[in-house]
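Okay, here's the thing in structure tokens:
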């Protein structure tokens, strides 16, 4: 038995623990991002109402929201700074996304000052906040990718889809409130509401699929509450009114209230999920530390009883005498019944088998979680390509993908992949010809 | 502008360089593994002929082969030891696979001693060496996964498929030589030859797809040589003879000669590929170091001219006055035409955009390489599941997958995925019912 084999086995177990610790820190980061998104959603709502009222109302609420967001922002910046240290295992991609978020956060100060002076319109302020939140959501999606543990990965997938679904709900609340308050239905805004409801439901379906049973049950229970029933009635009013038709502007407040109640419920689910994620990380780290201790103990025993190599030769002969072809490794593993040295090698093989089996089964399970994130990434990227190449809005880009999927009876993912595979020139040609018409 | 944004950007660039250096070391590792596989293939051939001749022939050739393999084995062990250091970025999975290989290598000593005493049959010795080589091939496939650069990834995918194709060719050479030498055709061995030719061609198709143009051309040129023509004639003789029919045992030597010529050509391609990989790594590292220097220079300039935040507010107003909704970031990026501070922020944004665009385009290209490795991994795993659960041979397992794919008109990959998705119980039931019949 070579000492190096046990060194490799021990180091592999140590790396398992390191990977889990890095994952736990990623969960902390995802938590703070989720809380900052929540705070900015409130700030966006208050700023929008403050600007829409010509600065007459919601000045205090807006200031309170800003005061609540700032310490979370500071905490996030501190966590970003920590990620510069090599032991945190951040990749180049992660740091680049963080840099984008940081630029957005740096610009927030100017945005707040401008809003205080009632510079931007309510609509522009909502757009600016939504852009910052989109960057944060992008980062949290990236952090959820490639987690080292399948159970934790599943919860992370649930978490990021909940955060994204909640953001769609937040935007729906803002757009709906403005639409009701305006007193008149508008086609473009109606389309946005429909799109935001769609986007929400897609995210929340993934959340339900990956959340644990208790969370899923709680969320499904929430669907049966009077709050959701009233939200659905108001959604129907908004979505079915003909463009130009009058809307009861008094409903704006009820709309805001029921939308907020639903978002609050999502916020609680979000906190619960983080709690579950922290618990899962702690459990896995404890288990991995126990496994490392056990391995160390076993390997100490093995080192005290090194196997004489002559026995290995003997074992090979025994095994080679079998009718079937005798692979070297099974010859070595068969040593249990042979000399004491054989038992040592066999224990080492067992140790390695446990590690390998664990890694292999994890890999298969991780595939499911990865696929969910991959699907979202590809669809978002295809949407982005259509937006930038054809100058479409987000809704129009998504509808184009959806229509193509339906027309050709293919999955949305396949259409998105095909879209990304098209060279730029194809878009240029199509775009050009559209202009010529 | 926050200093932290530039810290994140610089650190991201540093991590790019670190990832490329780790990749260069993985290439070194893959090279030594490829050379050890080559040496063990020779040793396997010599040992097989030594044992088949009752120790009368090939004793010197075998000893020469062992002497050639040993320093490569030592070099590999040294590289393994290096991978224990944290800066090499080895994962738990990599180290576990290395530990398996190390166990196999430790057992080689006993195998060689046994062969010297003419213990095992030629067939068993071939099986034992093949097992060791399979572990090495598995490791090299794993090392090729998730490379940080698409160009290098493509070459690695070509490399590992060439190594695996070459191993199938090596096994074909051994099985064919024994079959010719035996003087009688045998159904089971014939099936193995057919399977090994199939496996080779699948690997070499992937090699051709991912190799660079010069390599592909060279390989296609090789197909037109008289050596390959003669190999194909001998393959036809072997594959079309009826079981039990006589084979001209004198052809054994010609078979060995032409098979070896083809394997030598593959070995040269393998060396060329490693050369290309080393060159590509060096180029990428140089490019990344240049990019880091450029960024450092640019950021030093930016730090010397910090932008006053008042200008940011102004820029936001300008931008918010546009008819379209003004996202915060574009407001910041628009600053080029404004005050000097604006130019600084804009340069930073450009820097970040370069980095992000590079990462995004790499990700898309990497997908292609990853998919090729993923496909192979899933099919190998499904084959392994069928072998262990239904007690099938490798060939039978592969044929079962192939047949199912043809019967249901589905891709081999889909069938393999479906196979892996089946719970153990399904196999238990099917296995049981087969036995009852």
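Residue numbers (the numbering used here), protein chains in the order written: chain X, 10 to 446; chain V, 10 to 446.
Every residue gets a Cβ at the ideal spot worked out from N, C-alpha and C, and that includes glycine.
Local Cβ density within 10 Å of residue i, reported as buried at 16 or more and exposed below that
i: residue 25 of chain V; result: buried
i: residue 39 of chain X; result: buried
i: residue 21 of chain X; result: buried
i: residue 262 of chain X; result: exposed
i: residue 258 of chain V; result: exposed
i: residue 273 of chain V; result: exposed
i: residue 28 of chain V; result: buried
i: residue 69 of chain V; result: exposed
i: residue 380 of chain X; result: exposed
i: residue 238 of chain X; result: exposed
i: residue 233 of chain X; result: exposed
i: residue 222 of chain X; result: exposed
i: residue 103 of chain X; result: buried
i: residue 76 of chain V; result: exposed
i: residue 397 of chain X; result: exposed
i: residue 66 of chain X; result: exposed
i: residue 6 of chain X; result: Residue 6 of chain X is absent from the structure shown; chain X starts at 10 and stops at 446.
Interface flag, residue i vs chain X, CB-CB below 8 Å
i: residue 20 of chain V; result: yes
i: residue 325 of chain V; result: At residue 325 of chain V the pLDDT is 36, less than 50, meaning the model places this residue with poor confidence; the figure from the coordinates comes in the next sentence. It does: the Cβ of residue 325 of chain V has a partner Cβ on chain X nearer than 8 Å.
i: residue 289 of chain V; result: no
i: residue 200 of chain V; result: no
i: residue 89 of chain V; result: yes
i: residue 191 of chain V; result: no
i: residue 14 of chain V; result: yes
i: residue 424 of chain V; result: no
i: residue 115 of chain V; result: yes
i: residue 33 of chain V; result: no
i: residue 131 of chain V; result: no
i: residue 385 of chain V; result: no
i: residue 375 of chain V; result: no
i: residue 48 of chain V; result: no
i: residue 86 of chain V; result: yes
i: residue 28 of chain V; result: yes
i: residue 368 of chain V; result: yes
i: residue 332 of chain V; result: Reliability of the predicted coordinates at residue 332 of chain V is poor, the pLDDT of 35 falling under 50, and no value is obtained from them.
i: residue 428 of chain V; result: no
Supposed close pair residue i, residue j - CB separation, criterion 8 Å
i: residue 260 of chain V; j: residue 189 of chain V; result: 5 Å
i: residue 401 of chain V; j: residue 360 of chain V; result: No, residue 401 of chain V and residue 360 of chain V are not in contact; Cβ-Cβ is about 56 Å, not under 8 Å.
i: residue 391 of chain X; j: residue 429 of chain X; result: 5 Å
i: residue 30 of chain V; j: residue 294 of chain V; result: 7 Å
i: residue 388 of chain V; j: residue 357 of chain V; result: Their Cβ separation, rounded to whole angstroms, is 47 Å, which puts residue 388 of chain V and residue 357 of chain V out of contact at 8 Å.
i: residue 216 of chain X; j: residue 167 of chain X; result: 5 Å
i: residue 184 of chain V; j: residue 248 of chain V; result: That pair is no contact at about 12 Å.
i: residue 301 of chain V; j: residue 23 of chain V; result: 6 Å
i: residue 450 of chain X; j: residue 207 of chain X; result: As displayed, chain X neither begins before 10 nor continues past 446, which places residue 450 of chain X out of reach and without an answer.
Closer than 8 Å to chain V by CB, residue i
i: residue 149 of chain X; result: no
i: residue 365 of chain X; result: yes
i: residue 44 of chain X; result: no
i: residue 180 of chain X; result: no
i: residue 169 of chain X; result: no
i: residue 41 of chain X; result: no
i: residue 25 of chain X; result: yes
i: residue 358 of chain X; result: yes
i: residue 361 of chain X; result: yes
- Query: Would you call the segment 116–129 of chain V and the segment 254–263 of chain V touching, i.e. three or more CB-CB distances under 8 Å?
  - Reply: Taking 8 Å as the limit for Cβ pairs, the verdict is that the segment 254–263 of chain V does not touch the segment 116–129 of chain V.
- Task: Give the residues from the segment 55–77 of chain X that approach chain V closer than 9 Å (Cβ to any Cβ), ordered along the chain.
- Result: Residues passing the 9 Å Cβ filter: none.
- Message: At a CB distance below 7 Å, what residues from the segment 99–111 of chain X approach chain V? Give them in sequence order.
- Response: For the segment 99–111 of chain X, which is checked against every Cβ of chain V, the residues closer than 7 Å are 100, 101, 102, 104, 105, 107, 108, 109 and 111.
- Three CB pairs or more closer than 8 Å across the segment 79–89 of chain X and the segment 39–56 of chain X: By the Cβ test, the segment 79–89 of chain X is in contact with the segment 39–56 of chain X, since at least three Cβ pairs between them sit closer than 8 Å.
- Message: Below 8 Å, how does it come out for the segment 164–182 of chain V and the segment 205–220 of chain V: are there three or more Cβ pairs, yes or no?
- Response: Under the three-pair Cβ rule at 8 Å, the segment 164–182 of chain V counts as touching the segment 205–220 of chain V.
- Query: Below 8 Å, can you find three or more Cβ-Cβ pairs linking the segment 151–165 of chain X to the segment 62–81 of chain X?
  - Reply: Taking 8 Å as the limit for Cβ pairs, the verdict is that the segment 62–81 of chain X does not touch the segment 151–165 of chain X.
- Task: Please determine if the segment 52–63 of chain V and the segment 133–142 of chain V are in contact, where contact requires at least 3 C-beta pairs separated by less than 8 Å.
- Result: Taking 8 Å as the limit for Cβ pairs, the verdict is that the segment 133–142 of chain V does touch the segment 52–63 of chain V.
- Should the segment 409–423 of chain X be called in touch with the segment 59–69 of chain X, which here means at least 3 C-beta pairs below 8 Å? The segment 409–423 of chain X is not in contact with the segment 59–69 of chain X.
- Task: Scan the segment 245–266 of chain X for residues whose Cβ lies nearer than 8 Å to a Cβ of chain V and list them as they occur along the chain.
- Result: Contact annotation: in the segment 245–266 of chain X, no residue has its CB less than 8 Å from a CB in chain V.
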